[in-house]
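Visitor:
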Amino acid sequence: MINLLISLALIYVIFVAAYRMLVMAGAPFQSKNAKVNLFLGDTKELSETPTTREYIFIAFEAFAFRIIVYVVSAFALALFAGNGQNITISSFVDSWHQWDASNYIRIATGGYNFWMENGEPTTLVFFPLYAWAIKIAYFFIRDYDISALFVSTICYVGGIVYMYGFVSLEYGKSIAKKAVIYLSIFPFGFFFGAMMPESVFLFTASAFFYYLKKHNWTMVALFGMASSLSRMQGILLIIPAGIEWLDVYKPIKKLMERKKSEFFRSLLVLIPVLFTAVGTLIYLFLNYLVAGNCFKFLELQENVWGHHYEYVGKAVTTIFNYLCSDHYTANMKAALWLPQAAIVVLTIGLLIYAANKHKPQYILYLTAYTIISFSASFILSGGRYMSVAIPLFIILAKLLDKHERSHRAFVAINLLLMALYTAGYVFGKQIM
4 MINLLISLAL IYVIFVAAYR MLVMAGAPFQ SKNAKVNLFL GDTKELSETP
54 TTREYIFIAF EAFAFRIIVY VVSAFALALF AGNGQNITIS SFVDSWHQWD
104 ASNYIRIATG GYNFWMENGE PTTLVFFPLY AWAIKIAYFF IRDYDISALF
154 VSTICYVGGI VYMYGFVSLE YGKSIAKKAV IYLSIFPFGF FFGAMMPESV
204 FLFTASAFFY YLKKHNWTMV ALFGMASSLS RMQGILLIIP AGIEWLDVYK
254 PIKKLMERKK SEFFRSLLVL IPVLFTAVGT LIYLFLNYLV AGNCFKFLEL
304 QENVWGHHYE YVGKAVTTIF NYLCSDHYTA NMKAALWLPQ AAIVVLTIGL
354 LIYAANKHKP QYILYLTAYT IISFSASFIL SGGRYMSVAI PLFIILAKLL
404 DKHERSHRAF VAINLLLMAL YTAGYVFGKQ IM
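Going by my numbering, the letters in the sequence shown line up with residues 4 to 435, in that order.
1) Cα-Cα, which of I61, W102 and L395 is closest to G427?
2) Verify whether the separation of the beta carbon atoms of L136 and C158 is less than 9 angstroms.
3) Please check the pair I9 and I351, which I expect to be a contact at CB under 8 angstroms, by giving their CB distance rounded to whole angstroms.
4) Please classify L419 as buried or exposed, where buried requires at least 16 neighbouring CB atoms within 10 angstroms.
5) Looking only at its chain, what residues have a beta carbon closer than 7 angstroms to the beta carbon of R234, apart from the 5 residues adjacent to it on each side?
6) In the DSSP assignment, find the alpha helix (DSSP H) that holds H410 and state where it starts and stops.
7) Quick one: Cα of L339 to Cα of L383, how far?
8) Rounded to a whole number of angstroms, what is the C-alpha to C-alpha distance between I70 and I397?
9) Can you name the start and end residues of the alpha helix (DSSP H) that Y214 belongs to?
10) Can you list, in chain order, the residues of its chain whose CB lies under 6 angstroms from that of V164, leaving out five sequence neighbours each side?
11) Decide if A400 is buried, meaning its Cβ has at least 16 other Cβ atoms within 10 Å, or exposed.
12) Could you tell me which residues DSSP pairs with A379 in its beta bridges?
13) Give me the Cα-Cα distance between I274 and A333, rounded to the nearest whole angstrom.
14) In this structure, does DSSP put E51 in helix, strand or coil?
15) Please list, in chain order, all residues of the same chain as P363 whose beta carbon is under 8 angstroms from its beta carbon, the five residues on each side excluded.
16) If we call anything under 9 angstroms between Cβ atoms a contact, is M228 one with A210?
17) If you compare alpha carbons, which of A392, L423, L353 and F377 is closest to Y15?
18) Roughly how many whole angstroms lie between the Cα atoms of D148 and N306?
19) In or out: T313 buried (at least 16 other Cβ within 10 Å) or exposed?
20) Under 9 angstroms between the Cβ atoms of V429 and L152?
21) What are the residues that DSSP puts in a beta bridge with E64?
22) Alpha carbon to alpha carbon, what distance is there between M259 and K217?
23) How many Å lie between I108 and M119 at the Cα?
24) DSSP three-state label for E305, please.
25) Under a Cβ-count criterion, where at least 16 other Cβ atoms within 10 Å of its own Cβ denotes burial, should N290 be classed as buried or exposed?
26) Does the beta-carbon of L292 have 16 or more other beta-carbons within 10 angstroms, so that it is buried, or is it exposed?
27) Between the Cα of G162 and the Cα atoms of S150, I184 and Y141, which residue gives the shortest distance?
28) Taking R387 as the reference, which of Y174, H330, P190 and N324 has the closest Cα?
29) Is the beta carbon of S177 less than 9 angstroms from the beta carbon of D404?
30) Between F212, E123 and S202, which has its C-alpha nearest Y167's C-alpha?
31) Suppose you measure from the CA of I150 to the CA of T207; what does that come to, to the nearest Å?
32) So, are the CB atoms of H310 and A379 less than 9 angstroms apart?
33) Along the chain, where does the alpha helix (DSSP H) that runs through S10 open and close?
34) Among all the DSSP beta bridges, which residues are the ones paired with E120?
35) Going by DSSP in three states, V391 sits in which element: helix, strand or coil?
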């Protein structure tokens with residue numbers, strides 16, 4: 004039943020967004036029914052350009068919030084560690100060195116060949132950009148763990164600034180402020196300060212969307228490539244870039260009007276759009292250099308990490324089965340299965356609501372992002388992946404923009420959950 008409901012929901016969202024995309028591109032699909040056109044029509048948004056002062060203030064707030072999260076985690080360690088030891092800088096840094104952090108540090112230390120298990124380069128399943136950034140920071144800081152925290156913090160601040168910029172240009176400053184708040188206080192938002200690649204992806208993806216809105220195609224190509232070097236989901240940025248290209252250049256309309264020269268000139272812009280895939284190609288080439296197989300990471304994911312990719316409906320059904328099973332403890336259900344189940348239900352519900360209310364650039368990207376993030380046979384990090392699903396927080400911000408009480412309640416609940424999951428993470432619970 005869950006599989007069927009998810010399938011129907013995704014079909015509806017994709018159909019509505021794809022229809023709107025084609026109309027934007029100049030396809031003659033307008034309905035004669037006024038109600039249908041009203042339902043599927045474009046919504047006009049308020050566009051505002053932030054000042055330099057506002058950008059600086061947003062950067063300061065983002066940095067301060069990240070420091071507050073670190074301070075709260077240190078207090079949690081001091082209050083609840085229970086081992087009779089004082090909290091030192093070393094023990095604080097170690098508390099943020101959890102789960103996959105070791106693998107990114109290993110890659111930064113000596114590349115993909117540095118760490119072998121049974122003769123296999125198991126770290127190949129991790130994308131390289133975050134580790135490369137750690138390596139660069141290490142030349143100045145001379146400590147890999149602190150370098151990792153530094154990179155995460157700086158990229159989080161940069162990502163918030165870029166996100167605030169492009170959302171302001173697209174929706175106005177009020178929605179932009181709420182969007183960056185919701186992303187920052189997401190229950191798994193503490194990962195933006197952990198030794199994980201979420202902040203790097205936030206920075207590159209937000210910059211990508213900012214320059215896409217500005218139609219700066221050179222920077223779109225650069226940050227698209229960087230995004231696909233930081234996370235598997237990065238290649239999905241081809242979707243909003245391609246739709247923006249359709250909206251700006253209207254190639255279907257040009258073909259219908261037989262403006263062939265204009266059509267072929269517009270095709271040149273597809274080069275930077277498709278350049279996003281270069282990051283993924285570099286990652287595949289690294290797999291070939293290290294293991295002689297461009298798709299070695301898929302083999303390692305199944306044989307070493309214990310999961311493979313399958314249809315999203317089946318994978319989400321498995322999450323609900325785990326949640327209802329007696330096989331897992333209450334600790335694992337609260338840390339893994341319950342939040343992932345809640346997040347995927349919330350996301351799909353918001354996609355249904357927003358399919359005709361937001362640009363197809365964001366709807367189709369978020370749909371594809373959700374499908375990829377929840378398509379593993381044994382999903383452990385769905386919450387972490389969705390912490391960087393940028394359009395999700397834009398949709399939430401617009402939904403709650405005129406509802407102050409709901410906004411405050413949402414912020415309070417998320418802050419509480421984030422505090423709980425942050426404490427659980429630094430104490431080594433199964434939050435990943």
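In this text, a Cβ means the ideal position worked out from N, Cα and C, and glycines have one as well.
These numbers were taken from a predicted model, which means no experiment stands behind them.
Guide: Straight from the coordinates:
1) Taking the first residue of the sequence shown as 1, we reach residue 427 at position 424. Closest option to G427, judged by alpha-carbon separation, among I61, W102 and L395: W102.
2) Against the sequence shown, residue 136 aligns to sequence position 133. Against the sequence shown, residue 158 aligns to sequence position 155. As written in the sequence, residue 136 is Ala, which differs from the Leu given in the question. Against a cut-off of 9 angstroms, the Cβ pair of C158 and A136 comes out as a contact.
3) Looking up residue 9 in the sequence shown gives position 6. Looking up residue 351 in the sequence shown gives position 348. Contact flag correct, Cβ pair sits at about 7 angstroms.
4) In the sequence shown, the residue the question calls residue 419 occupies position 416. By the 10 Å Cβ count, L419 comes out exposed.
5) Counting from one through the sequence shown, the residue named residue 234 turns up at place 231. So the list reads F130, P200 and F204, once near-sequence residues are dropped.
6) As a first step, residue 410 must be located in the sequence shown, where it is residue number 407. It spans E407 to V429 - the alpha helix (DSSP H) in which H410 sits, taken as one unbroken run.
7) By one-based count along the sequence shown, residue 339 stands at place 336. By one-based count along the sequence shown, residue 383 stands at place 380. If you take the alpha carbons of L339 and L383, they lie about 6 angstroms apart.
8) Position 67 of the sequence shown, counted from the first residue, corresponds to residue 70. Position 394 of the sequence shown, counted from the first residue, corresponds to residue 397. About 24 angstroms.
9) Taking the first residue of the sequence shown as position 1, residue 214 is located at position 211. It spans E201 to K217 - the alpha helix (DSSP H) in which Y214 sits, taken as one unbroken run.
10) Taking the first residue of the sequence shown as 1, we reach residue 164 at position 161. Correct list, in chain order: Y58, I61 and A62.
11) Mapped onto the sequence shown, residue 400 falls at position 397. The residue in question, A400, is buried, as its Cβ has 16 or more Cβ neighbours within 10 Å.
12) The sequence position of residue 379 within the sequence shown is 376, counting from 1. A379 is bridged to Y312.
13) Residue numbering aside, residue 274 sits at position 271 when the sequence shown is read from its first letter. Residue numbering aside, residue 333 sits at position 330 when the sequence shown is read from its first letter. Taking the straight line from one Cα to the other gives about 50 angstroms.
14) Indexing the sequence shown from 1 puts residue 51 at position 48. Collapsing the DSSP output to three states places E51 in coil.
15) Counting from 1 along the sequence shown, the entry for residue 363 is found at position 360. So the qualifying residues of the chain are A20, A21, R23, M24, M27 and I246.
16) Mapped onto the sequence shown, residue 228 falls at position 225. Mapped onto the sequence shown, residue 210 falls at position 207. Taking 9 angstroms as the Cβ cut-off, M228 and A210 do not qualify as a contacting pair.
17) Indexing the sequence shown from 1 puts residue 15 at position 12. With distances taken between Cα atoms, Y15 lies closest to L353.
18) Counted from its first residue, the sequence shown places residue 148 at position 145. Counted from its first residue, the sequence shown places residue 306 at position 303. So the two alpha carbons sit approximately 28 angstroms from each other.
19) The residue given as residue 313 occupies position 310 in the sequence shown. Note on residue identity: the sequence assigns Glu, not Thr, to residue 313. Under this definition E313 is an exposed residue.
20) Position 426 of the sequence shown, counted from the start, is the residue given in the question as residue 429. Position 149 of the sequence shown, counted from the start, is the residue given in the question as residue 152. Contact: no.
21) Residue mapping note: residue 64 aligns to position 61 of the sequence shown, counting from 1. According to DSSP, which records beta bridges pairwise, E64 is partnered with nothing at all.
22) Reading the sequence shown from its first residue, position 214 is the one you call residue 217. Reading the sequence shown from its first residue, position 256 is the one you call residue 259. Looking at the two C-alpha atoms, the distance is approximately 27 angstroms.
23) Numbered from its first residue, the sequence shown carries residue 108 at position 105. Numbered from its first residue, the sequence shown carries residue 119 at position 116. Each residue's alpha carbon lies about 14 angstroms from the other.
24) Taking the first residue of the sequence shown as position 1, residue 305 is located at position 302. If DSSP states are grouped into helix, strand and coil, E305 belongs with the helices.
25) Your numbering for residue 290 matches position 287 in the sequence shown. With 16 or more Cβ atoms within 10 Å of its Cβ, N290 is classed as buried.
26) Here residue 292 corresponds to residue number 289 of the sequence shown, with the count starting at 1. It counts as exposed.
27) Counted from its first residue, the sequence shown places residue 162 at position 159. Comparing Cα positions, the closest option is I184.
28) Walking along the sequence shown from the start, residue 387 turns up at place 384. Checked all of Y174, H330, P190 and N324; the closest Cα to R387 is P190.
29) Within the sequence shown, numbered from 1, the residue matching residue 177 stands at position 174. Within the sequence shown, numbered from 1, the residue matching residue 404 stands at position 401. Their beta carbons are under 9 angstroms apart, which means S177 touches D404 by this criterion.
30) Counting from one through the sequence shown, the residue named residue 167 turns up at place 164. For Y167, the nearest C-alpha among the options comes from F212.
31) Here the question's residue 150 lines up with position 147 in the sequence shown. Here the question's residue 207 lines up with position 204 in the sequence shown. Note that residue 150 corresponds to Ser in the displayed sequence, not to Ile. So the alpha carbons of these two residues sit roughly 19 angstroms apart.
32) Taking the sequence shown and counting its residues from 1, one reaches residue 310 at position 307. Taking the sequence shown and counting its residues from 1, one reaches residue 379 at position 376. For the pair H310 and A379, the CB atoms are nearer than the 9 angstroms cut-off.
33) Looking up residue 10 in the sequence shown gives position 7. Segment I5 to M27, the alpha helix (DSSP H) holding S10.
34) One-based indexing of the sequence shown puts residue 120 at position 117. Answer by DSSP bridge pairing, in chain order: E123.
35) As a working note, residue 391 is residue 388 in the sequence shown. Note: V391 maps to coil in three-state DSSP.
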